[in-house]
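Enquirer:
There are 2 protein chains.
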Amino acid sequence: MAKKGLQTSDKDIINLAKIVGEKAILYKQPDLVAYDCDGFTIHKHLPKCVVFPNSTEEVAEIVKYCDANQLPFLARGAGTGLSGGAIPLNGEVIISLVKMKRLISVDLENRRAVVEPGFVNLKLTNSIANKGYYYAPDPSSQYACTIGGNVAENAGGAHCLKYGVTTNHILGLEVVMPNGEIVEISTNGVADTPGYDLLGLLTGSEGTLGIVTKITVRILKNPEAKQTVLAYFDKVADGSQAVSDIISSGIVPAALEMMDKTAIEGVEAAAFPVGHPKDIEALLLIEVDGISAGIEEQINQILEVCKKRNVREVKVAGSEEERGRWWANRKTGFGAMGAISPDYLVQDGVIPRSKLPEVLARINQISEESGLRISNIFHAGDGNLHPLVLFDARIPGETEKALEAGSACLQVCADVGGTITGEHGVGIEKREEMRFVFTDREILAQTDIREVFNPKNLLNAGKLFPSPGRCAEVKKELKEALKTS
Amino acid sequence: MAKKGLQTSDKDIINLAKIVGEKAILYKQPDLVAYDCDGFTIHKHLPKCVVFPNSTEEVAEIVKYCDANQLPFLARGAGTGLSGGAIPLNGEVIISLVKMKRLISVDLENRRAVVEPGFVNLKLTNSIANKGYYYAPDPSSQYACTIGGNVAENAGGAHCLKYGVTTNHILGLEVVMPNGEIVEISTNGVADTPGYDLLGLLTGSEGTLGIVTKITVRILKNPEAKQTVLAYFDKVADGSQAVSDIISSGIVPAALEMMDKTAIEGVEAAAFPVGHPKDIEALLLIEVDGISAGIEEQINQILEVCKKRNVREVKVAGSEEERGRWWANRKTGFGAMGAISPDYLVQDGVIPRSKLPEVLARINQISEESGLRISNIFHAGDGNLHPLVLFDARIPGETEKALEAGSACLQVCADVGGTITGEHGVGIEKREEMRFVFTDREILAQTDIREVFNPKNLLNAGKLFPSPGRCAEVKKELKEALKTS
């Protein structure tokens with residue numbers, strides 16, 4: 114943080130410091146470097162400054178100042194986002210929410226908790242675990258990522274197969290609008306809410322419609338029991354088919370994860386090796402939970418399916434400790450790629466489950482054509498793929514090649530009736546790929562919605578949507594049509 | 114339907130008949146009377162005409178014609194809606210979707226089906242039951258209501274406690290926009306989708322943003338087993354407490370319904386009497402489903418809770434036939450009020466579960482003050498109340514008194530931190546009550562969104578939002594603020 118006494122004559126920094134205090138603003142170049150990107154590290158841009166408000170009112174004051182002075186601004190949580198949503202493309206004032214990290218209340222009877230946006234995801238579960246409750250969405254970064262960031266990205270996680278992604282667990286929001294107004298958007302049950310679904314609209318809007326300052330989330334009772342299975346397949350096609358068979362059998366596993374050969378090589382070289390065989394093409398990590406009495410039956414069905422699909426070896430976790438090791442191994446999966454490649458690019462597409470064997474084969478082809486290894490480590494149960502393109506940024510042209518290969522993988526997902534993001538968002542990374550799944554008219558409808566909330570487009574501009582392209586033309590045509598008819 | 118040869122000189126009717134055929138348009142006053150209201154019968158308005166398109170293209174042609182000729186229009190399914198969403202307030206052209214009732218495809222492997230909007234809800238489950246699948250949202254009107262209407266209203270139902278309301282089961286939509294464009298909005302998995310959540314925005318927008326012409330829904334595998342419990346309580350407070358206790362115990366029942374004394378009197382006088390005792394204050398109908406092995410344990414826990422809360426009698430359904438009779442008795446609940454009152458008004462509010470005893474007491478007070486009986490038959494598990502205000506429209510002033518009492522019940526829901534609709538929508542019935550839960554600014558944000566999709570406001574105008582009131586002023590202030598800053 115800054116030393117006492119501001120060493121700048123920039124009037125905006127002086128004025129913003131008046132709102133948050135001199136110790137809660139960063140503005141010197143060496144301090145700003147840490148904020149030039151998030152988990153998507155390919156584009157880097159320096160912010161104008163970073164402010165650390167301590168309350169909703171301070172956020173509102175900052176936003177009002179930016180709005181009145183035409184300063185671009187954006188909100189940032191832990192900066193673990195994977196698509197560049199928190200990168201200051203336009204020299205933004207970054208509003209870091211890490212100081213707003215209070216757990217405001219827990220209401221066990223109505224199964225909800227209220228948190229500030231900077232509250233770390235895993236801390237919520239840790240805070241209520243002793244009472245037998247937990248918060249379901251579990252992105253792999255949950256030890257670090259904030260619930261505010263989860264709302265912005267509509268974050269998923271391994272256990273979202275059974276329990277749904279962030280949007281399914283948000284019951285209410287307090288939001289600072291792009292003009293500094295504070296509004297409450299809330300619902301109070303699992304059912305419908307009156308009016309348009311603003312809660313759904315805000316969730317996953319990637320910080321382009323408002324800044325969330327308070328979040329009411331649903332909490333769940335811990336399942337009575339859980340059990341975890343690890344299955345090794347010689348052939349990836351058998352593993353894929355087992356995924357389909359398990360779901361078809363009527364079981365909804367709490368999680369159903371897959372890793373391919375390259376991914377296994379990575380995780381075994383990283384912090385939590387399990388001793389997976391390195392000559393298999395695929396492994397599945399399958400977890401079921403629920404009432405104790407039902408668990409064994411489900412596990413037996415899963416073992417049956419795996420055997421029918423030529424599993425080489427299948428085992429049930431013998432202890433909570435063993436289960437924990439298997440998950441730690443899986444959850445470090447992306448980072449583990451660092452052990453086998455200087456750089457990697459995580460992609461994130463969704464496909465209908467039945468297309469899994471076809472899509473994996475096509476991704477393999479993309480890998481061969483580009484000359485880059487692509488590893489797959491993903492949420493197989495809900496068809497949410499994560500191709501990891503391995504590359505070396507020091508080799509000229511290889512970054513571009515990796516980006517192209519990643520984009521080609523998304524094109525495959527779109528081609529088979531899937532889509533271009535499952536949980537990581539669009540950010541700046543996949544703006545142009547939005548065209549794989551949306552027409553100009555559909556993109557225009559969305560930027561028009563943005564205009565309703567964010568008319569000056571000072572808040573997180575340049576994210577989520579492709580460059581206007583033909584959209585501007587379409588908009589003109591539509592306006593003409595409105596006038597003449 | 115009309116006889117051959119149109120007997121009118123109205124050019125719009127002649128032109129619309131060219132699109133759908135002369136046999137697929139109604140325009141004579143006696144034919145139109147059937148379309149002057151929906152399940153909300155207190156306001157009646159005649160449409161200009163009713164057209165019955167047979168395809169998306171015909172819908173688009175009709176909409177284009179209306180758009181070009183400034184004709185108000187709206188879409189209608191089975192007309193079972195309870196808040197007046199399909200009432201032609203402005204002499205609309207009604208676009209009835211009952212002829213578009215095809216089941217287009219079923220994809221068991223990826224657990225989805227594609228239907229046209231006029232496809233009846235229960236028919237979907239009936240069509241796939243022999244393969245072991247079903248469609249979860251089950252409004253009480255499911256034998257008649259259409260899935261298109263369910264999307265418009267974001268319909269719920271008894272089993273939405275465990276499985277979620279309509280919005281949780283919609284995977285894709287084809288929509289005719291208010292200018293006649295056909296757009297596809299789809300997602301292909303359980304995870305996040307790129308861009309804003311348009312699917313969520315359209316679902317539950319009560320026919321004000323577009324006309325849905327094709328729907329991709331999630332289908333579920335039948336639970337391996339289900340079991341149903343009926344519990345009679347002398348005291349409503351004990352019944353309410355049992356609801357809280359069951360949920361707190363960690364069980365998520367498939368359904369958890371409650372009826373009070375007046376409701377029991379009604380259902381016992383109607384088509385499917387079960388023989389409930391008439392001197393109890395409350396009954397609970399509780400269903401659990403899942404893996405066979407887990408069912409008994411859950412049932413035992415529920416029986417324990419009921420006993421602890423002084424249940425008079427509790428029984429487990431002895432056969433599928435008995436279970437069916439209990440549900441038929443419950444599902445005719447609203448209509449059954451006809452057996453004990455000339456007229457009734459269904460209300461629909463949501464409260465935090467823990468407020469159930471307090472809110473039921475306050476509704477009782479409203480009943481006493483208004484001199485009207487209020488019966489309660491509702492989804493207790495998710496706090497979705499349905500106070501039924503009994504009245505006699507032939508007595509001058511009693512309709513107004515009933516509307517006031519209904520509104521007072523919603524005010525109670527809003528006061529305890531709940532909201533004004535759980536599953537029936539706002540329509541024309543609860544427009545003014547939107548102010549109980551939204552500020553002018555929040556309503557304005559929503560009408561601005563409507564303007565993005567429906568800029569001329571020809572589609573289903575006058576629904577969902579209160580009269581502009583101070584909104585117009587707020588809008589002017591905001592515009593000024595935008596200009597001056």
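Chains as they are written, first to last, in the working numbering: chain R, 114 to 598; chain C, 114 to 598.
Every residue gets a Cβ at the ideal spot worked out from N, C-alpha and C, and that includes glycine.
#1: Which same chain residues, not among the five before or five after K157 of chain C, have their C-beta less than 6 Å away from its C-beta?
#2: By how many angstroms is the C-alpha of E337 of chain R removed from the C-alpha of G538 of chain C?
#3: According to DSSP, is Y345 of chain C part of a helix, a strand, or is it coil?
#4: From the DSSP output, read off the bridge partner residues of V206 of chain C.
#5: Would you call G484 of chain R buried or exposed, if buried means 16 or more other Cβ atoms sit within 10 Å of its Cβ?
#6: Looking at the C-beta of K334 of chain R, does it have a partner C-beta in chain C at a distance below 8 Å?
#7: If we define contact as Cβ-Cβ less than 8 Å, is L187 of chain R a contact residue for chain C?
#8: Are there 16 or more other CB atoms within 10 angstroms of the CB of D123 of chain C, so buried, or fewer, so exposed?
#9: Give a yes or no on whether the C-beta atoms belonging to E229 of chain R and K244 of chain R are separated by under 8 Å.
#10: Helix, strand or coil for K391 of chain C, going by three-state DSSP, please let me know.
#11: Taking contact to mean 3 or more Cβ pairs, one atom from each stretch, closer than 8 Å, check whether the stretch 410-426 of chain R and the stretch 359-374 of chain R are in contact.
#12: Of the choices C:P500, C:F551 and C:A137, whose alpha-carbon is the least far from that of L311 of chain R?
#13: State the Cα-Cα distance for the pair T80 of chain C and W439 of chain C, rounded to the nearest angstrom.
#14: Going by C-alpha distance, which of R:A574, R:V427 and R:E564 is nearest R544 of chain R?
#15: Any C-beta of chain C sitting closer than 8 Å to the C-beta of A558 of chain R?
#16: Rounding to the nearest angstrom, what Cα-Cα distance links T154 of chain R and T121 of chain R in this structure?
#17: Under 8 Å, Cβ to Cβ, is there at least one residue of chain C near D528 of chain R?
#18: Look up T316 of chain C in the DSSP assignment and say whether it is helix, strand or coil.
#19: Suppose the cutoff is 8 Å on Cβ atoms and the five residues either side in sequence are ignored; what does the same chain contact list for P455 of chain C look like?
#20: Just the Cα atoms here: how many angstroms apart are G134 of chain R and F232 of chain R?
#21: Identify every residue that forms a DSSP beta bridge with M371 of chain R.
#22: Between the stretch 514-525 of chain C and the stretch 394-403 of chain C, do at least 3 Cβ pairs fall closer than 8 Å?
#23: CB F165 of chain C to CB A130 of chain C, shorter than 8 Å?
#24: Drop a sphere of 10 angstroms on the beta-carbon of Q460 of chain R, count the other beta-carbons inside from all chains shown, and report buried for 16 or more, exposed for fewer.
#25: Buried or exposed: S598 of chain C, going by 16 or more other Cβ atoms within 10 Å of its Cβ?
#26: Does any residue of chain C bring its CB to less than 8 Å from the CB of G197 of chain R?
#27: Taking only beta-carbon positions, decide if M547 of chain C is within less than 8 Å of chain R.
#28: Rounded to the nearest angstrom, how far is the Cβ of G446 of chain R from that of V356 of chain R, given a contact under 8 Å?
#29: As a quick exercise: from R:G510, R:K514 and R:L498, pick the residue whose alpha carbon is nearest that of E481 of chain R.
#30: From the beta carbon of R554 of chain R, is the nearest beta carbon of chain B less than 8 Å away?
#31: In this structure, does DSSP put Q354 of chain R in helix, strand or coil?
#32: For K244 of chain R, go through chain C and note every residue whose CB falls closer than 9 Å to its CB, in chain order.
#33: Have a look at K141 of chain R and L187 of chain R and give me their C-alpha separation to the nearest angstrom.
#34: How would you write the range of the beta strand (DSSP E) that V427 of chain C sits in, first residue to last?
#35: Give the interface partners of I200 of chain C over in chain R, defined as CB-CB distance under 8 Å, in chain order.
#36: Chain R beta carbons: is any one of them nearer than 8 Å to that of V472 of chain C?
Expert: On the basis of the data shown:
#1: A distance below 6 Å between beta-carbons, with the five flanking residues on each side excluded, links K157 of chain C to the following residues of its chain, in chain order: D149 and C150.
#2: Rounded to the nearest whole angstrom, the C-alpha separation of G538 of chain C and E337 of chain R is 36 Å.
#3: strand
#4: V206 of chain C is bridged by DSSP to C:C162 and C:F186.
#5: Label assigned to G484 of chain R: exposed.
#6: yes
#7: no
#8: exposed
#9: no
#10: coil
#11: yes
#12: C:F551
#13: Since the first and last residues shown for chain C are 114 and 598, residue 80 of chain C lies out of range.
#14: Out of R:A574, R:V427 and R:E564, R:A574 has the C-alpha closest to the C-alpha of R544 of chain R.
#15: yes
#16: Near 29 Å, if we compare the C-alpha coordinates of T121 of chain R and T154 of chain R.
#17: no
#18: coil
#19: F504, D505, A506 and R507
#20: 21 Å
#21: DSSP output for M371 of chain R lists R:L397 and R:F491 as bridge partner(s).
#22: no
#23: no
#24: buried
#25: Note on S598 of chain C: pLDDT 46, under 50, position unreliable in the model; no value is reported.
#26: no
#27: It does: the Cβ of M547 of chain C has a partner Cβ on chain R nearer than 8 Å.
#28: G446 of chain R to V356 of chain R, Cβ: 17 Å. No contact.
#29: Closest option to E481 of chain R, Cα to Cα, is R:K514.
#30: In the displayed structure, chain B is absent; the protein chains listed are R and C.
#31: helix
#32: Here the premise fails: no neighbours, minimum Cβ distance about 11 Å.
#33: 18 Å
#34: V424 to V429
#35: Correct list: empty, because the minimum Cβ distance to chain R is about 17 Å.
#36: False, the Cβ-Cβ gap to chain R never drops below 8 Å.
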